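Residue 51 is where the sequence shown starts when you use the working numbering, and the numbers rise one by one after that.
Glycine is no exception: its CB is placed at the ideal position from the N, C-alpha and C atoms.
All figures in this text were calculated on a predicted structure; none of them were measured in a lab.
One structure is given here, and the rest of the page talks about it.
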Amino acid sequence: VETHGVTRLPIYIQRLQKGYVRKKALITVVKEKGPTAFLDAHGSMGHVASSRAMEKAVAKAEEFGVGWVSVKDSGHFGVAGLFPMMALAKDFIGYLCTNSAPMMFPWGGRERIIGNNPLAYAIPAGKYPPVVLDFSLSVVPAGKLILSRKKGEKIPLGWAFDKDGLPTEDPYAGYEGGGSLAPVGGHKGYGLVLVHEMLTAVLTGGKWTRNIKSLYEEDPGGIQGTCHTFLALDPDCFIGREEFKRNVDAYIESLKGSAKAPGTAEILVPGEPEHRTEQKFLREGIPLSPNTVKELKQLGGALGIPFPAG
51 VETHGVTRLP IYIQRLQKGY VRKKALITVV KEKGPTAFLD AHGSMGHVAS SRAMEKAVAK
111 AEEFGVGWVS VKDSGHFGVA GLFPMMALAK DFIGYLCTNS APMMFPWGGR ERIIGNNPLA
171 YAIPAGKYPP VVLDFSLSVV PAGKLILSRK KGEKIPLGWA FDKDGLPTED PYAGYEGGGS
231 LAPVGGHKGY GLVLVHEMLT AVLTGGKWTR NIKSLYEEDP GGIQGTCHTF LALDPDCFIG
291 REEFKRNVDA YIESLKGSAK APGTAEILVP GEPEHRTEQK FLREGIPLSP NTVKELKQLG
351 GALGIPFPAG
């Protein structure tokens, strides 16, 4: 995922160097009851906290059939879909939702105090790749605007608004310059944003979005404070793992066999294009934009790490 991968490495390193993120993760159990657990990440990196939380959710699902783990005081965790996919190793269903730094105006508002609060699902299949749904509740994630700004490209109208609430083609004005990402589905996306905030920050007593600083803001408090919730579900509680996967395959085949619109070569399901891209990159290598390569070279030079030739 180009927008959430190595392009974010420089800012992660900067935050570690400034002490805005714990260099050594500290994740403690606040409360644990049956299939649920409540963790405090104490300002640790979101990637580490999320991996630990999903591992715990999967372990709970092995014991109880379902596992629900919520985390407070975490941080940016990169690619959301990675963590629900951890449940696939057991043929479980995985899910997460999270809050985020302020990125959008409330529906009808002008102040950027809500996030795009992503969600992700991972559902096992048999002969097909797993169904993986991973998206934020803005039309596009902030990372796409950041990448467009780095590439010197305009963004399509409908992706974002400037600080005055007007549609913009300027990626900087639409996010880093104080604008708002556009919510997916209008008021419906706004409603999902609020529910995700309640299932994460409100549920754990953590930071609401309006009190979270983005990766690119000065944050001397040292705790970004992002909150997440993870779920793992064992299909054996219902029709069984193998039969569930056969049913998923049959459902996918029914979609692919349905009538196609003119000009459509193939009907795809969520995660299928990314799976194909992953296979291609495994064969051919991962392409990086010239700007990203430049940033990585500069970062390597500052840290005394030689950049690979070629």
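> Taking Cβ positions, are D141 and R260 nearer each other than 8 angstroms?
Replying inline: Cβ distance not < 8 angstroms, so D141 and R260 don't count as in contact.
>> Can you tell me whether M153 is buried or exposed? The criterion is at least 16 other CB atoms within 10 Å of its CB, across all chains shown.
In response: Buried, because 16 or more other Cβ atoms sit within 10 Å of the Cβ of M153.
> For the stretch 106 to 115 against the stretch 123 to 138, are there 3 or more C-beta pairs whose distance is under 8 angstroms?
Replying inline: These segments touch.
>> If the criterion is Cβ atoms closer than 8 angstroms, does the pair V234 and L187 meet it?
In response: One thing to note: V234 has its Cβ within 8 angstroms of the Cβ of L187.
> So which of K263, R160, A175 and A251 has the shortest CA-CA distance to D214?
Replying inline: Nearest C-alpha to D214: R160.
> By Cβ distance, which residues of its chain are closer than 8 angstroms to G227, with the 5 residues on each side in sequence left out?
Replying inline: Once the five neighbours on either side are set aside, the close Cβ partners of G227 are D212, K213 and D220.
> Closest to I77 by CA distance: which of P270, A91, L265 and A300 is it?
Replying inline: For I77, the closest of P270, A91, L265 and A300 by C-alpha to C-alpha distance is A91.
> Taking the alpha-carbon positions, what's the L89 to V98 distance?
Replying inline: Rounded to whole angstroms, L89 to V98 spans 12 angstroms at the Cα level.
>> Please state the DSSP three-state secondary structure of I355.
In response: In the structure shown, I355 sits in coil (DSSP, three-state: anything other than H, G, I, E or B).
> So, helix, strand or coil for D214, using DSSP?
Replying inline: Correct three-state label for D214: coil.
> What is the DSSP secondary structure of S101, counted as helix, strand or coil?
Replying inline: Helix, per DSSP.
> Between the beta-carbon of P206 and the beta-carbon of K295, is there less than 8 angstroms?
Replying inline: The Cβ atoms of P206 and K295 lie no closer than 8 angstroms to each other.
> Between which two residues does the alpha helix (DSSP H) carrying S304 extend?
Replying inline: Taken as a continuous stretch (DSSP letters only), the alpha helix (DSSP H) holding S304 covers R291 to K306.
> Quick one: what does DSSP say K257 is sitting in, helix, strand or coil?
Replying inline: Of the three classes helix, strand and coil, the one that applies to K257 here is coil, per DSSP.
>> Does the stretch 163 to 171 come into contact with the stretch 118 to 132, if we say contact requires no fewer than three beta-carbon pairs (one atom in each stretch) closer than 8 angstroms?
In response: Contact between the stretch 163 to 171 and the stretch 118 to 132 is present, because at least three Cβ pairs lie under 8 angstroms.
> Starting from A223 and walking both ways along the alpha helix (DSSP H), at which residues does that stretch end?
Replying inline: DSSP places A223 inside the alpha helix (DSSP H), whose first and last residues are P221 to G224.
> According to DSSP, what are the bridge partners of S198?
Replying inline: Looking at the DSSP assignment, S198 forms no beta bridge with any residue, so it has no partner.
>> So, at 6 angstroms on beta carbons, what are the nonlocal neighbours of D269 in its own chain, with the 5 sequence-adjacent residues on each side left out?
In response: Taken in chain order, the residues that qualify are Y70 and K263.
> Once you ignore the five residues that flank G272 on each side, which residues in its own chain have a CB closer than 7 angstroms to its CB?
Replying inline: So the list reads G69, Y70 and G93, once near-sequence residues are dropped.
>> Assuming E82 is part of the beta strand (DSSP E), what are its boundary residues?
In response: That run of the beta strand (DSSP E) goes T78 to K83.
> Based on the DSSP secondary-structure assignment, which residues constitute the bridge partners of A282?
Replying inline: For A282, which the question treats as bridged, DSSP gives the partners G117 and G144.
>> I'd like to know whether the C-beta atoms of H246 and N341 end up nearer to each other than 8 angstroms.
In response: Contact check for H246 against N341 fails: the beta carbons are separated by 8 angstroms or more.
>> Closest to G84 by C-alpha separation, out of V116, P285 and E328, would be which residue?
In response: Of the listed residues, the one whose Cα sits closest to G84 is V116.
> Taking the alpha carbon of K238 as the point to measure from, which residue in W258, K347, E203 and P156 has its own alpha carbon closest?
Replying inline: Just measuring C-alpha positions, the residue of W258, K347, E203 and P156 sitting nearest K238 is P156.
> Are L265 and I61 touching if we call contact CB-CB under 8 angstroms?
Replying inline: With contacts defined as CB atoms closer than 8 angstroms, L265 and I61 qualify as a contacting pair.
> Where do the ends of the beta strand (DSSP E) carrying Y240 lie?
Replying inline: From DSSP, Y240 is part of no beta strand (DSSP E) but of the alpha helix (DSSP H) over H237 to E247.
> Exposed or buried, what is R65 when buried is set at 16 or more other beta-carbons lying within 10 Å of its beta-carbon?
Replying inline: Flag for R65 reads buried.
>> Could you check whether G55 and T276 sit closer than 8 angstroms to each other, using their CB atoms as the reference points?
In response: Not closer than 8 angstroms, so no.
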